[in-house]
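As numbered in UniProt numbering, residues 1 to 473 make up the sequence shown, in order.
We put the CB at the ideal spot given by N, CA and C, even for glycine.
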Amino acid sequence: MSGHALLPSGTLAALAMYVRRPTLRGNFWLLVAAGALAMAGWNVPHLVVEIRRHGVASALYSREALNTWWMGAFYAAAAVSASYWGRVGSNIAPMMPTLLAAERAAGAIAIVLAECLLAAPLVVLGGAPASALALTALASFGGFGFGRGATVTGQGRRRQGVLTLVYLPLLFVGTLDSVMKLIGNAPAWIDAPIGIGVIAAAIASLQFRPAEARQQEDEQERARESWMARRPAGTIPPGLLRVLDWRPAPLREQPLPPGPFDPGTLMLVLQTLAILLVGLAFGWVISALGGGKGAGSHDRIQSLMGSAAAMPVLGASVWLMSRGEWTRIFVAGRYGSRRRFAATLIRAHLWRTAHLSVITAVVLGVLLVVFRLDPPRDGLLRAAVTGLMVMAACQLGCLCAMASGLSKLWTGAGNFGGMMIVNVAAVTLLTHGFAPIWYGVVAAAAFLAVAAMLGFGAAALQRTDWTPEDSTA
């Protein structure tokens, strides 16, 4: 213990790491949180006017007002969580029990400070402190679980199960305007225990037991090997496998081997259908929980469909940025010069993203028409425009990566930014429609994104390092 009797030795140094340049530069979720909070700040002048006209209760705690702020709080918590688990999950941390104790104390302080900072704007705008605390805690708690990812913590299965059951519902509270208003308008004696209890649960979730974590990792590996050994050969009939794996001629021979983001055409159709159907089903559930019918319910369902259509953008650049095989394939001599190999990679990436975009548009259009969410003409047109959005956004992560020397941080930021752009635009398109001029803008954006990849992509890839150790960018 240091002179600070209540804190383990090294706590203040561990806390300072949350705002040091290496942490800030390498924390992708921090960029996402900053973008979401900036969007929330953009709406503040309009929100102030609404509060003056209609009062705090009806304006501040509406879903429209809280949506971007909720996303910012969620991803800010994910940034804190990712920073914490990145340090305690390192190879050196288990060797230093005092370091783990200091990191956990610093993590608890960081959580409390983050909650106070994120709740402050709601209080400044006129919200009740207890309501602001409860909403912030609920928004953040899902982010803490999300930012941890698949890190093995060594916590018992029962504890992990309870935390997961709490995490998962909170991921969707931000979509339920009725719940948001209920919490925002509840008396302090209800909101204060909610906020304090959720913050306490977030601090309790920071527990990390290195020995038990290694044991759980070994158990998972043994279970995986056992399943692989017991799996019957030829589970999928060869004929069906060939049908599922069929793809257009330009995609049959590519410079890199197929990966998890490179399924065959029918598999990609089924995958896209599953994602969109989940969005459709979730829209119905949210509509039912919100008690909405008619136009409001219809818009909510289409909104979730638009969000689901944007999801494939998140992994669009993974194939192109997986450069671990580049050196070995290039030195085989098949592609000639380094520039020619880079150009081949770019063309293959564009074919793959065009493939993905067409499938997304076709499946979305069919679902909009079949479930009568749009008249046939409008549904097919909007689906085609959504496909063009996906095509343009799929290039954003790659362009950011190549402009930054294949930086993991900027690649992730580009992918996530592209997904969010498509999310907002597709939701707007499906729920309210576009003025005709915007169809031309979307088509131009897709054309310019493809032209940028063709014009600058090969030269940018040619200048970067290709190291066999790199599996992702």
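Grab me the residues of residue i's own chain with a C-beta within less than 7 Å of its C-beta, minus the 5 sequence neighbours each way, in chain order.
i, result
"Gln254", "Ala348"
"Ala458", "Arg339, Ala342, Ala343, Ile346"
"Thr411", "Ser317, Met321, Gly397, Cys400, Ala401, Ala473"
"Trp351", "Pro250, Leu251"
"Ala14", "Ala102, Glu103, Ala106"
DSSP three-state call for residue i: helix, strand or coil?
i, result
"Ser131", "helix"
"Leu7", "coil"
"Phe456", "helix"
"Cys400", "helix"
"Trp326", "helix"
"Asp218", "helix"
"Gly315", "helix"
"Trp29", "helix"
"Phe341", "helix"
"Pro210", "helix"
"Thr411", "helix"
"Asn43", "coil"
"Met96", "coil"
"Thr153", "coil"
"Gln395", "coil"
"Ala186", "coil"
"Leu37", "helix"
"Gln254", "coil"
"Ser307", "helix"
"Trp70", "helix"
"Trp246", "coil"
"Thr464", "coil"
What's the gap between the Cα of residue i and the Cα of residue j?
i, j, result
"Ser205", "Leu138", "14 Å"
"Phe456", "Trp438", "26 Å"
"Met311", "Gly417", "11 Å"
"Ala393", "Leu314", "9 Å"
"Arg159", "Leu270", "35 Å"
"Met96", "Gln215", "18 Å"
"residue 474", "Trp70", "Lying before the first or after the last residue shown, residue 474 is absent from the chain, which here runs from 1 to 473."
"Ala121", "Val56", "It is worth fixing the name first, because residue 121 is Pro in this sequence and not Ala. About 13 Å."
"Ile301", "His432", "13 Å"
"Asn415", "Trp42", "23 Å"
"Leu30", "Asp299", "31 Å"
"Met420", "Arg242", "35 Å"
"Ala130", "Ile199", "13 Å"
"Ala213", "Gly195", "30 Å"
"Gly149", "Arg53", "43 Å"
"Val285", "Gln395", "33 Å"
"Trp189", "Val366", "50 Å"
"Tyr335", "Ile359", "30 Å"
"Met267", "Val390", "18 Å"
"Val331", "Leu256", "13 Å"
"Gly107", "Tyr61", "29 Å"
"Trp466", "Pro193", "53 Å"
"Leu277", "Tyr18", "40 Å"
"Arg222", "Leu165", "26 Å"
"Ala288", "Ala443", "36 Å"
"Phe28", "Ala413", "7 Å"
"Thr386", "Ser307", "11 Å"
Between which residues of its own chain and residue i is the CB-CB distance below 6 Å, once the five residues before and five after are set aside?
i, result
"Leu163", "Ser205"
"Leu37", "Gly72"
"Pro376", "Val369"
"Leu304", "Gly279, Phe282, Gly283"
"Gly264", "Leu244, Asp245, Trp246, Arg247"
"Ala128", "none"
"Ala119", "Ala132, Leu133, Thr136"
"Ala202", "Ile111, Phe141, Phe144"
"Gly294", "In this predicted model, Gly294 has a pLDDT of only 48, less than 50, meaning its place in the structure is not dependable; the value taken from the coordinates is given anyway. Counting only Cβ-Cβ distances below 6 Å, and skipping sequence neighbours, we find nothing."
"Ala155", "The identity of residue 155 in the sequence shown is Gln, whereas the question assumes Ala. Closer than 6 Å at the Cβ level, and outside the excluded window around Gln155, lie Gln207."
"Thr68", "Ala36, Met39, Ala40"
"Leu273", "Val363"
"Ser404", "Trp410"
"Glu50", "Ala59"
"Gly89", "Thr151"
"Arg87", "Glu103"
Give me, in chain order, the residues of the same chain whose beta-carbon lies closer than 8 Å to that of residue i; leave out the 5 immediate sequence neighbours on both sides.
i, result
"Thr98", "Pro8, Ser9, Gly10"
"Met402", "Phe456, Gly457, Ala460, Leu461, Thr464"
"Arg25", "Leu409"
Below 8 Å, how does it come out for the stretch 39 to 49 and the stretch 105 to 118: are there three or more Cβ pairs, yes or no?
no
So, does the stretch 323 to 334 touch the stretch 440 to 453, judging by three or more C-beta pairs under 8 Å?
no
Would you be able to state if there are at least three C-beta pairs under 8 Å between the stretch 177 to 185 and the stretch 100 to 108?
no
Kindly confirm or deny that the stretch 419 to 429 and the stretch 376 to 387 touch, where touching means at least three C-beta pairs closer than 8 Å.
yes
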